[in-house]
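>
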Amino acid sequence: MAHFATAAAALAAATQIQLRDLTGRLVLTQVVPANATEVTLQLSTGLAKGTYLVQVAGLKNSGKPVCLIKQ
347 MAHFATAAAA LAAATQIQLR DLTGRLVLTQ VVPANATEVT LQLSTGLAKG TYLVQVAGLK
407 NSGKPVCLIK Q
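For what it's worth, the numbering used here labels the leading residue of the sequence shown as 347, then goes sequentially.
1. Just list the beta strand (DSSP E) runs in the region 375 to 413, keeping only unbroken ones of 3 residues or longer that don't cross its boundaries, in chain order.
2. Which one of G370, T375, L374, A382 has the shortest CA to CA distance from A360?
3. Look up Q364 in the DSSP assignment and say whether it is helix, strand or coil.
4. In angstroms with no decimal places, state the Cα-to-Cα distance between V378 and K395.
5. Is K416 closer than 8 Å to L389 when the C-beta atoms are compared?
6. Under 8 Å Cβ to Cβ from Y398, same chain only, skipping five residues before and after it: list those, please.
What follows is the structure, given as structure tokens:
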């Protein structure tokens, strides 16, 4: 099983991570608890090769999508 990991400053509140394909279809949603300093997305082996957008959305903010390419 593949995974995507990133580190960040401790989150002040629970945050939602969304993975979407380029058509906008939601592929994965994961909630990250408050105070987490590392986020790991478990990407299923059934996830097709291609380009995906990862977006972090909290209660007070929404970050810019980041491009993720699965090869």
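Each residue gets a CB set at the ideal place from its N, CA and C atoms; glycine is no exception.
Keep in mind the model is a prediction, meaning the values are calculated, not measured.
So, from the listed chains and residues:
1. Scanning the region 375 to 413 from its first residue to its last, the whole beta strand (DSSP E) runs of 3-plus residues come out as 384 to 389, 396 to 404.
2. Ranking G370, T375, L374, A382 by Cα distance to A360 puts A382 first.
3. If DSSP states are grouped into helix, strand and coil, Q364 belongs with the strands.
4. Rounded to the nearest whole angstrom, the CA to CA distance from V378 to K395 is 25 Å.
5. The answer is yes: Cβ separation under 8 Å.
6. In the same chain as Y398, and ignoring 5 residues on each side of it, the C-beta atoms closer than 8 Å to its own belong to L365, R366, D367, L368, V373, C413, L414, I415, K416, in chain order.
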